[in-house]
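See below for the structure under consideration.
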Amino acid sequence: MLTKAIKVPLLMACIAAIGFCSWIMKDGYFPADETNPKVSKLKLQPGFVAEHLYGPSEHRQGSWVSMAFDDKGRLIASDQYGYLYRMQLPPIGAPAGQEVKVEKLVVGLPADTVGGKVTMGYANGLLYAFNSLYVMVNTKANNRISNSSGLYRLQDTDGDDQFDKVTLLKKMEGDGEHGPHSVILSPDGQSLYVVAGNHTDLPPMNSYSLPENWKDDNLLPLIKDPSGHANDRHAPGGWIAKTDPEGKSWSLVSAGYRNTYDIAFNEAGDLFAYDSDMEYDLGMPWYRPTRICHSTVGSEYGWRTGSAKWPPYFADNLPPVLNIGQGSPTNLIYVNKARFPRQYRNTLFAFDWSFGIVHAIRLTPAGATYTAEREEFLSGVPLPLTDGVIGPDGALYFMTGGRRLESDLYRVYYKDYKSIAPDANVVTPVITAENKLRRELEAFHGRVDPKAVAFAWAYLDHPDRFVRYAARIAIENQPVDEWKNKALGEKNPQKFIHAALALARQGGKEIANPALNGLIRLNFTSLPESGQLDLLRAMEVMFYRKGEPDAATRARLLTFLHAGYPAKTAGLNRAMVKLLVFLQSPEVIGRTLQLMDKKTEPGMDALGSEVATNSADLISRNPRYGLSIADMLSKAPPAQQIFYAFVLSGQREGWTKAQREKYFRWFDNAFSFRGGFSYVGFVERARQLALKNVPKAEFDYYNNLSGGKKLAGSGRDLVKEYAIKGPGRGWTLNQADSVVGSGLKGMDFETGKQIYSAVLCDRCHAIGGEGRGIGPDLTQLGTRFSGKDILDAIISPDKVISDQYASTVFTLKNGESVVGRLVNEDDKFYFLLQNPFALDVLEKVAKKDVVSRDYSPVSLMLPGLINGLNPEELKQLMAYLVAGGNKNNPVYAGAK
Numbered sequence: 010m011l012t013k014a015i016k017v018p019l020l021m022a023c024i025a026a027i028g029f030c031s032w033i034m035k036d037g038y039f040p041a042d043e044t045n046p047k048v049s050k051l052k053l054q055p056g057f058v059a060e061h062l063y064g065p066s067e068h069r070q071g072s073w074v075s076m077a078f079d080d081k082g083r084l085i086a087s088d089q090y091g092y093l094y095r096m097q098l099p100p101i102g103a104p105a106g107q108e109v110k111v112e113k114l115v116v117g118l119p120a121d122t123v124g125g126k127v128t129m130g131y132a133n134g135l136l137y138a139f140n141s142l143y144v145m146v147n148t149k150a151n152n153r154i155s156n157s158s159g160l161y162r163l164q165d166t167d168g169d170d171q172f173d174k175v176t177l178l179k180k181m182e183g184d185g186e187h188g189p190h191s192v193i194l195s196p197d198g199q200s201l202y203v204v205a206g207n208h209t210d211l212p213p214m215n216s217y218s219l220p221e222n223w224k225d226d227n228l229l230p231l232i233k234d235p236s237g238h239a240n241d242r243h244a245p246g247g248w249i250a251k252t253d254p255e256g257k258s259w260s261l262v263s264a265g266y267r268n269t270y271d272i273a274f275n276e277a278g279d280l281f282a283y284d285s286d287m288e289y290d291l292g293m294p295w296y297r298p299t300r301i302c303h304s305t306v307g308s309e310y311g312w313r314t315g316s317a318k319w320p321p322y323f324a325d326n327l328p329p330v331l332n333i334g335q336g337s338p339t340n341l342i343y344v345n346k347a348r349f350p351r352q353y354r355n356t357l358f359a360f361d362w363s364f365g366i367v368h369a370i371r372l373t374p375a376g377a378t379y380t381a382e383r384e385e386f387l388s389g390v391p392l393p394l395t396d397g398v399i400g401p402d403g404a405l406y407f408m409t410g411g412r413r414l415e416s417d418l419y420r421v422y423y424k425d426y427k428s429i430a431p432d433a434n435v436v437t438p439v440i441t442a443e444n445k446l447r448r449e450l451e452a453f454h455g456r457v458d459p460k461a462v463a464f465a466w467a468y469l470d471h472p473d474r475f476v477r478y479a480a481r482i483a484i485e486n487q488p489v490d491e492w493k494n495k496a497l498g499e500k501n502p503q504k505f506i507h508a509a510l511a512l513a514r515q516g517g518k519e520i521a522n523p524a525l526n527g528l529i530r531l532n533f534t535s536l537p538e539s540g541q542l543d544l545l546r547a548m549e550v551m552f553y554r555k556g557e558p559d560a561a562t563r564a565r566l567l568t569f570l571h572a573g574y575p576a577k578t579a580g581l582n583r584a585m586v587k588l589l590v591f592l593q594s595p596e597v598i599g600r601t602l603q604l605m606d607k608k609t610e611p612g613m614d615a616l617g618s619e620v621a622t623n624s625a626d627l628i629s630r631n632p633r634y635g636l637s638i639a640d641m642l643s644k645a646p647p648a649q650q651i652f653y654a655f656v657l658s659g660q661r662e663g664w665t666k667a668q669r670e671k672y673f674r675w676f677d678n679a680f681s682f683r684g685g686f687s688y689v690g691f692v693e694r695a696r697q698l699a700l701k702n703v704p705k706a707e708f709d710y711y712n713n714l715s716g717g718k719k720l721a722g723s724g725r726d727l728v729k730e731y732a733i734k735g736p737g738r739g740w741t742l743n744q745a746d747s748v749v750g751s752g753l754k755g756m757d758f759e760t761g762k763q764i765y766s767a768v769l770c771d772r773c774h775a776i777g778g779e780g781r782g783i784g785p786d787l788t789q790l791g792t793r794f795s796g797k798d799i800l801d802a803i804i805s806p807d808k809v810i811s812d813q814y815a816s817t818v819f820t821l822k823n824g825e826s827v828v829g830r831l832v833n834e835d836d837k838f839y840f841l842l843q844n845p846f847a848l849d850v851l852e853k854v855a856k857k858d859v860v861s862r863d864y865s866p867v868s869l870m871l872p873g874l875i876n877g878l879n880p881e882e883l884k885q886l887m888a889y890l891v892a893g894g895n896k897n898n899p900v901y902a903g904a905k
């Protein structure tokens, strides 16, 4: 138990007493006045220096999201919703005051053209190569720009240093934050690689390394996102393709991503992607963290809409190199050309927009793929990172912005960079035997070759998963009649499992019963767990694509599965329960309900949820996104129970009354947990599926038993005492003050109290003796501040933050940072509260590891909390705040 009081330095107390507030405190000393706050907020690894070079927003040039250097060392950047710009940057060490020279590129028109539409811009990706600027436009044609989404090539044909020729290489259907993204150069300098998010239709390709008969292939009941996100999107999701400089021939390289913004090659020619998570899925068993993926030729990474997303252990997709955690991935670069210390060899920099972190991902060859370790290279609060490149000088250049946020351009370089040769960190590629073999197998992807089956078959049982995967894809690219009989006659258990999976994906319905019977005959218990999962996965895909087996095969399958269920690990139980419910097992209900009594099971950490970052540490870095994480961590849903409950929603027969009551009471309890934005909606959709299997005469009973009265009409939220009516607006201070200033007479106390709760004030503040102490007590608010002051604090919560409630950013000796509210300290440790909704959980930071500590300029209070309110609702809320929760306040005099 912590008993020692918080120590407040006398200097800070004196400064607070005279009303002066500084956001920066470094070991008790304050920086000089001339310190640039945009630089001082950056947390860097030791030995690095940061410079703020330019502010596009200050010059009304938009919010920049993509960048590339041209062949003359000039930086080209694009506004997310506007023009391209070209810059001549001052060199490192240039005299103070040397300005960045910026030129707007009016492509295809004279340079001095003013007005009219944006001829080229709205770019999510830029690349200068082949004496051309390649531009990945991401937008619908609109009244500002004629060009819509696609890959364009810009050329200067008359030598005037302006791009006068525009060629559309590939039109793309899709736009917005999940539209077309980056374009990069291949390691051999001969090809282009492009990446697009899952709202971008895969355009016609000349070849497909990954066979294009993709389906959901998941027997977990399909529940699309209740909030509507990506409900009309289907496999293959986000994709990566390769093309030539003229864009004449296109090949699908990899697919199954949610929303990868950027990709990068290492020296070995291996491609990596930084894929995003779906934050609405937090707490659900199919949630997939942001992750680094090794994008091999023909790889599949399993994105599907809603609940159909694939876990990493499915044999027909590949696992990530590293799960990072929650965030919003933007940029990915391989930093071998940086003039950085040698520890940055074999390193990727992965940019997170939401939480303002540049992750350094160190890669180590491991068989046909890699393992990875993460550390924080750079961070800032706030720091909405968009794009970055290594410049010709070996420095890191990066931008912030996006979504019309304030945009800035920075340079980070190693202080002693001159002592590091330009190519000092370019390493000799390590091509392991497994990596070489995988590439040989990938040569058969996307084409028919009479040698493919004979060569690949030998590796279907290879111990390296990436090799096994590549072998199966090589076979699937060949005509199925060429290898169908070979597959059904295979005697090697591991080879037969993967051959059966290939048949499930490529064969006709006639192969289902013989393949399933072949799988049953295998000695299941003699297989390693990975082999058992692969066998069950082959069955699942067979069921999904071929339908129900014949009666005799069904009976044998039930005997086979009953013998192993429940299994020893969580993953095997997930696989088996889906198959048993598909077959309508008479025994699955009782066995599964017993599993649902358990809080955890062995093997939960192998399901793909382990991450490299501390979720609690992210909360204060960006409350807009972090508080949803905080909310979930305060009462996290039991993901394994959710999985079982959702699968059982498809069990039609065999229920006893006691089993049904136990099962439906689980749903009532599930509504008490906290998850992502769509959590309640997902649980409700599964509940409705389960209720379809209840006799009509008993529907009302089980509907009420399972929490039906707790749901709002939409089924996406729980009933609240007050539902905000709106219509809302983006309230400005002047607008709000004019409404409130018109008078707060005759207000209704209960309505104001309910609105106070509806806009989440009670989650952090106490008022009138009720609420929580995460933020300041609001009881005396009306006696200390004017109505306009109160509105200003609500609308712009970052403007003034009491040091009593501010978060602190601790920079450690290793360059990493930790963020939280300092609640206590002793001689050796600081104790931080990182989750405002879990007051009993503290992070301990050793003082010996701390270099500096700074107050965060970001309030935990979210901006825009009142934007859903109409004028009358705003007045009711303000009356309650001014009254300090006192129903006898004069603002309530004369209320009806």
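Heads up: take any position in the sequence shown, counting from 1, add 9, and you land on this note's numbering. The C-beta atom is built at its ideal place from N, Cα and C for all residues, glycine as well. These numbers were taken from a predicted model, which means no experiment stands behind them.
- Fewer than three pairs of CB atoms, one per stretch, sit closer than 8 Å, so the segment 751 to 769 makes no contact with the segment 850 to 863.
- Ranked by Cα distance from Leu869, the options Ser805, Glu255, Ile370 are led by Ser805.
- The beta carbons of His571 and Glu596 sit about 6 Å from each other, so the pair counts as a contact at 8 Å.
- With contact defined as three or more Cβ pairs closer than 8 Å, the segment 404 to 418 and the segment 256 to 273 are not in contact.
- Assignment of beta-bridge partners to Ala86 by DSSP yields Met76, Tyr94.
- Inter-residue distance for Leu890 and Pro329 is about 49 Å (C-alpha atoms, whole angstroms).
- Gln650 counts as buried, since at least 16 other C-beta atoms from the protein chains shown sit within 10 angstroms of its C-beta.
- Taking 9 Å as the cut-off, the beta carbon of Gly307 is found closer than this to the beta carbon of Ala479.
- Judged by DSSP secondary structure, Ile529 falls outside any beta strand (DSSP E) and instead within the alpha helix (DSSP H) spanning 521 to 530.
- In summary, Asn152 is exposed, with fewer than 16 beta-carbon neighbours lying within 10 Å of its beta-carbon over all protein chains present.
- Using a 10 angstroms sphere on the CB of Gly265, the tally of other CB atoms reaches 16 or more, which defines it as buried.
- CA-CA distance, Pro104 to Leu331, rounds to 42 Å.
- Here Arg514 is near Asn222, since their CB atoms are less than 9 Å apart.
- With a minimum length of 4 residues, the unbroken runs of alpha helix (DSSP H) contained wholly in the segment 746 to 789 fall at 758 to 767.
- Here Val550 is buried. Its C-beta has 16 or more other C-beta atoms within 10 Å.
- Taking C-beta atoms as the reference points, Val828 and Thr817 count as a pair closer than 9 Å.
- Looking at the DSSP output, Arg162 shares a beta bridge with Tyr143, Thr176.
- Using a Cβ distance threshold of 9 Å, Val421 and Leu84 do not count as a contacting pair.
- Counting along the chain, His507 sits inside the alpha helix (DSSP H) bounded by residues 502 to 515.
- Under DSSP, Arg830 takes part in a beta bridge, and its partners are Leu842.
- Our two residues, Ile529 and Phe682, have alpha carbons roughly 40 Å apart in a direct line.
- In the DSSP assignment, His571 falls within the unbroken alpha helix (DSSP H) covering 560 to 571.
- Counted as a single uninterrupted DSSP element, the beta strand (DSSP E) harbouring Gly334 occupies residues 331 to 334.
- Secondary structure note for Met408: its beta strand (DSSP E) is the uninterrupted segment 405 to 409.
- In this structure, Thr339 keeps its C-beta atom at 9 Å or more from the C-beta atom of Phe364.
- The DSSP-derived three-state label of Ala105 is coil.
- When C-alpha distances from Asn526 are compared across Leu291, Ser141, Leu536, Phe569, the shortest belongs to Phe569.
- Straight-line measurement puts the Cα of Ser216 at about 24 Å from the Cα of Ala138.
- In the assembly as shown, Ala86 is a buried residue. Its beta-carbon has 16 or more other beta-carbons within 10 Å.
- Counting C-beta atoms within 10 angstroms of its own C-beta, Leu727 has fewer than 16 neighbours from the protein chains shown and is therefore classed as exposed.
- Taking the Cβ atoms as the reference, Gly690 lies roughly 2 Å from Pro235, within the contact range of under 8 Å.
- The segment 426 to 437 makes no contact with the segment 657 to 675: fewer than 3 CB pairs, one atom from each, lie closer than 8 Å.
- Sequence-distant Cβ neighbours of Gly780 in its own chain, meaning closer than 6 Å and more than five residues away, are Asp771, His774.
- Annotation: the continuous alpha helix (DSSP H) that includes Leu497 extends over 493 to 497.
- Distance check between Thr601 and each of Leu616, Ser75, Ala584, Gly612 places Ala584 closest, using alpha-carbon atoms only.
- Look at the beta carbons and you see the segment 836 to 855 not touching the segment 738 to 752: under three pairs across the two are nearer than 8 Å.
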